[in-house]
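> Counting from 1, one number per residue, gives the positions in the sequence shown under full-length UniProt numbering. Could you have a look at this structure, given as structure tokens, before my questions?
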Amino acid sequence: MMSGMTEGDQVAVLGVRVRLGGNATADDVRALKTWLEREEPLEALLTGRQLRIDEQSGTDGTPGRLGPDLELVLTILGDVVTVAALTEYTARAVKTWRNNRSRLQGGDPEPQIRSLGPDGE
């Protein structure tokens, strides 16, 4: 007997959520996405279709937030990388981007990086 997914079945979503706080702009979010797409080993995972990076509206509705309510979600599409490894790769890339941005533009977008659980949160 074959088992398959039926409508309403939950699919585990594993990955990493990156949110920029403080004085971040929509341009900052897009610049960080571009940076992540070009950063090894994330670029290799994207090329191999084992990773997807999406820009989406924030999920927590942070009160008093002045900047855009946007975040990046890096979703694991294969079993080539663990959430822990993806979190480490992402944290390193975000730190480099943040240092570069601070040096060139000043200010600090206060990135928050957290792993997604099986429910996508």
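Beta carbons: idealized from backbone N, C-alpha and C, even for Gly.
Would you give the residue range spanned by the alpha helix (DSSP H) that E88 belongs to?
Note, E88: alpha helix (DSSP H), 83-105.
> What does the Cβ neighbour count give for P109, buried or exposed, with the cut at 16 atoms within 10 Å?
P109 should be labelled buried.
> From what residue to what residue does the alpha helix (DSSP H) around R38 run?
Residues 26-38.
> So, L116 versus V13, is the Cβ gap smaller than 8 angstroms?
Yes, they are a contact pair.
> Please work out which residues of its chain come closer than 7 angstroms, Cβ to Cβ, to W97, disregarding the five sequence neighbours upstream and downstream, and give them in chain order.
Closer than 7 angstroms at Cβ, skipping near neighbours: L32, W35.
> In the DSSP assignment, what residue or residues form a beta bridge with L20?
Bridge partners of L20: P111.
> Would a C-beta distance cut-off of 8 angstroms place V73 and R17 closer than the cut-off?
Yes, these two residues count as a Cβ contact at 8 angstroms.
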